[in-house]
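Comments concern the structure below.
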Amino acid sequence: MRYREIPGTGIRVSEVGFGAEPLGAGWWGDDGDDEAVRLVHAAVDAGITLFDVADRDGDGRAQQVLGRALRDRRDRVVIATRVGYAWDGAEPRRPGRPMPQDFRPHAIARAVRASAERLGGSIDICELHHPPRAALADDALAIEMARLVEEGTVRAFGACIPDGARPGQGRRLIRQGRFPVLDVELGMLGHDPGAELAGLAHAAGSCVIARAALGHGLLEGKYTPQTTFPRGDPRADLGPEWLSEGLRRVGQLGFLHAAGRPWSLAQAAIAWVLARPGVASVVVPVHGEEQLREFAGASGMPALADDDLARIEALIEGDFAPLPGPGADPDAGPHSDAPQEPVSAVA
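Read in order, the letters of the sequence shown are residues 1137 to 1483 in the numbering used here.
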C-alpha cells in the first residue's frame, strides 16, 4: 500500500480507502457486527488507513461498528465522516423524498460531537455533506467549525460535493481555499465533475478524495444484462437503461483486463483515478475479504501505460460513442448478449 498527504493538515492516508457504508446495512446477517469488525481488521492489516463513513449510514450504526472495530487501532488509522443531514429524530422517510438537511451551527456541532462519540472520541476529517451555498457563506458556522478544531474534536474540515452536481460549487470552494480536501465523484465511465475539480485542487495546493471509482459496481466486471439489485439498493431505482448503458461502456474498456494484463478491471479503474493529479485516495465500498484484497492491491500495481490512458481519455471525450458495427473491438466486454442466468448483485 502506498500513502499520500492531505496538504496542510499533517494527515497521511492510504491510496485506497475503506468505504464503510455497508457496515450500517446489516449486510452479514445475525453475525453482522462481528463479521464487519473482522473485515475492518483485515483492511488495517492490508495497509488501509483511511476509513470513510457518513453519520446517516445505517442511522449511525456504521459509525458505531467502525468505532468498535478501530478501538484498539485508532492511532494507526484516519477516519473521515460526513454530517449535515437531519436523519436523527426525523420523520420516517418515504421513498422518493429527499432527506432533510440541517446546517445551522448548533446542529452541525451536535452532529459532529455525536459522530465523534460513536467513532471513539475524535474525527480526523469531517466533511459537510452536500452543503448548500448559504451554509458555506454562514460566518457563524465557520466559527463553530473552528471551535471544533480548536477543542480537538476534529483535525480538519472538508466538503462532500453531491453526485452529478455541476462543478461550480467545487470551483468556488477551491478558489476560496476553505477546505484542504473535497470529496468528489470520479470514475472513468463518464464526464464526472470530480475530474476537473481534482486538477484545480492540485493546482491550488489542496486535494480530493474520490468516490464512485467503480461506477457503482459496474467496473468490477461482474454484472450482466440479467443482473438484478435487491430491494433497498439505490441501483434498483436507476432502471434497466442505467445497467444496459453502463455495461455498454464497460464493454469498451475490455482492453484493460485482456489476457496478459496484470490487473483486474476494478484495479485498473482504481489505478486510473489514482493517476490523476490532486487525488489523495480512492474510497471504495467493501463487502468481503476477497474484494478487499483485490481493491487494496490496486495501490501496488504497475502504472497504466500511456497508450491505455490515452485510449480511456478518448472514450470519455467521445462519451463512449457506440463502436462501428458488431465485433469491432475484439477486446470489448466482460459480458455478451447471449442468454445468461440472472445474477443478484450484492456489491
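We put the CB at the ideal spot given by N, CA and C, even for glycine.
Query raised in the report: Between the region 1313-1320 and the region 1282-1296, are three or more C-beta pairs nearer than 8 Å?
Result: Taking 8 Å as the limit for Cβ pairs, the verdict is that the region 1282-1296 does touch the region 1313-1320.
**Report entry** N-terminal and C-terminal residue of the beta strand (DSSP E) that valine 1418 is part of
**Finding:** Position 282 of the sequence shown, counted from the first residue, corresponds to residue 1418. From DSSP, the beta strand (DSSP E) with valine 1418 extends over 1415-1421.
Query raised in the report: To which residues of the same chain is arginine 1249 closer than 7 Å at the C-beta, ignoring the five residues directly before and after it?
Result: Stepping through the sequence shown from its first residue, residue 1249 is reached at position 113. Close CB contacts of arginine 1249 within its chain, under the 7 Å cut and outside five residues either way in sequence, are with Thr1289 (chain order).
Requested in this report: Go ahead and label glutamine 1388 buried or exposed: buried means 16 or more other beta carbons lie within 10 angstroms of its beta carbon, across all protein chains shown.
Outcome: For the purposes of this step, residue 1388 is taken as the residue at position 252 of the sequence shown. Buried, because 16 or more other Cβ atoms sit within 10 Å of the Cβ of glutamine 1388.
Query raised in the report: To which residues of the same chain is glutamate 1280 closer than 7 Å at the C-beta, ignoring the five residues directly before and after it?
Result: Mapped onto the sequence shown, residue 1280 falls at position 144. If we look at glutamate 1280 and ignore the five residues flanking it on each side, its Cβ neighbours are Pro1241, Ile1244 and Ala1245.
Query - Where the beta strand (DSSP E) containing serine 1150 begins and where it ends - result: Position 14 of the sequence shown holds residue 1150. Start and end: 1147-1150.
**Report entry** Three or more C-beta pairs below 8 Å linking the region 1166-1181 and the region 1433-1442
**Finding:** Fewer than three Cβ pairs drawn from the region 1166-1181 and the region 1433-1442 lie within less than 8 Å of each other, which leaves the two stretches out of contact.
**Report entry** Contacts around alanine 1372, its chain only, beta-carbon distance under 6 Å, and the 5 residues preceding and following it disregarded
**Finding:** Taking the first residue of the sequence shown as 1, we reach residue 1372 at position 236. Same-chain partners within the cutoff: Phe1365.
**Report entry** Option nearest serine 1150 by Cα separation, candidates Leu1159, Gly1144 and Gly1183
**Finding:** Here residue 1150 refers to the residue found at position 14 of the sequence shown. For the residues Leu1159, Gly1144 and Gly1183, the minimum Cα distance to serine 1150 belongs to Gly1183.
Query raised in the report: Is phenylalanine 1293 helix, strand or coil when you go by DSSP?
Result: Mapped onto the sequence shown, residue 1293 falls at position 157. The three-state secondary structure of phenylalanine 1293, taken from DSSP, is strand.
Query raised in the report: How long is the line joining the alpha carbons of isoleucine 1259 and arginine 1302, rounded to whole angstroms?
Result: Within the sequence shown, residue 1259 is the residue found at index 123, counting from 1. Within the sequence shown, residue 1302 is the residue found at index 166, counting from 1. Taking the straight line from one Cα to the other gives about 28 Å.
Query raised in the report: Taking Cβ positions, are valine 1152 and isoleucine 1406 nearer each other than 8 Å?
Result: On the sequence shown, position 16 is the one that residue 1152 refers to. On the sequence shown, position 270 is the one that residue 1406 refers to. In contact: valine 1152 and isoleucine 1406 (Cβ atoms closer than 8 Å).
Query raised in the report: Thinking C-alpha only, which one of Ala1441, Gly1375 and Ala1450 is nearest arginine 1397?
Result: Sequence index remark: in the sequence shown, residue 1397 carries index 261 (1-based). For the set Ala1441, Gly1375 and Ala1450, the Cα lying nearest the Cα of arginine 1397 is the one of Ala1441.
Query raised in the report: Is the CB-CB distance between phenylalanine 1431 and alanine 1402 below 8 Å?
Result: In the sequence shown, counting from the first residue as 1, residue 1431 sits at position 295. In the sequence shown, counting from the first residue as 1, residue 1402 sits at position 266. With contacts defined as CB atoms closer than 8 Å, phenylalanine 1431 and alanine 1402 qualify as a contacting pair.
Query raised in the report: Taking all protein chains shown into account, do 16 or more other C-beta atoms lie within 10 angstroms of the C-beta of methionine 1235, making it buried, or fewer, making it exposed?
Result: By 1-based counting over the sequence shown, the position of residue 1235 is 99. Burial is judged here by how many other beta carbons sit within 10 angstroms of a residue's own beta carbon; methionine 1235 has fewer than 16 and is exposed.
Report task. List the endpoints of the continuous alpha helix (DSSP H) containing isoleucine 1184. Result -> Walking along the sequence shown from the start, residue 1184 turns up at place 48. No alpha helix (DSSP H) holds isoleucine 1184; DSSP gives it neither H nor E.
Query raised in the report: At which residues does the beta strand (DSSP E) containing leucine 1350 begin and terminate?
Result: Within the sequence shown, numbered from 1, the residue matching residue 1350 stands at position 214. Boundaries for leucine 1350: no beta strand (DSSP E) harbours it, and the DSSP string shows neither H nor E there.
**Report entry** C-alpha gap between isoleucine 1147 and arginine 1138, whole angstroms
**Finding:** On the sequence shown, residue 1147 is found 11 positions in, with the first residue counted as 1. On the sequence shown, residue 1138 is found 2 positions in, with the first residue counted as 1. Distance from the CA atom of isoleucine 1147 to the CA atom of arginine 1138, rounded to whole angstroms, is 14 Å.
**Report entry** DSSP-derived helix/strand/coil call for valine 1386
**Finding:** Here residue 1386 refers to the residue found at position 250 when the sequence shown is read from its first residue. Correct three-state label for valine 1386: helix.
Query - Reference proline 1143, options Gly1424, Ala1395, Val1415 and Leu1355, closest by Cα - result: Taking the first residue of the sequence shown as 1, we reach residue 1143 at position 7. Comparing Cα-Cα distances from proline 1143 to each of Gly1424, Ala1395, Val1415 and Leu1355, the minimum goes to Val1415.
Query - Counterpart residues of phenylalanine 1154 in DSSP-defined beta bridges - result: Within the sequence shown, numbered from 1, the residue matching residue 1154 stands at position 18. DSSP, once it has assigned bridges, lists Phe1187 and Val1420 as partnering phenylalanine 1154.
**Report entry** Opening and closing residue of the beta strand (DSSP E) in which valine 1317 lies
**Finding:** Here residue 1317 refers to the residue found at position 181 of the sequence shown. Judged by DSSP secondary structure, valine 1317 falls within the beta strand (DSSP E) whose first and last residues are 1317-1321.
Requested in this report: May I have a chain-ordered list of the alpha helix (DSSP H) segments no shorter than 4 residues that lie completely inside the region 1228-1293?
Outcome: Runs of the alpha helix (DSSP H) inside the region 1228-1293: 1241-1255, 1269-1272 and 1275-1286.
Query raised in the report: Under a three-way DSSP split, which group does arginine 1218 fall into?
Result: Numbered from 1 along the sequence shown, position 82 holds the residue referred to as residue 1218. When DSSP states are grouped into helix, strand and coil, arginine 1218 belongs to the strand group.
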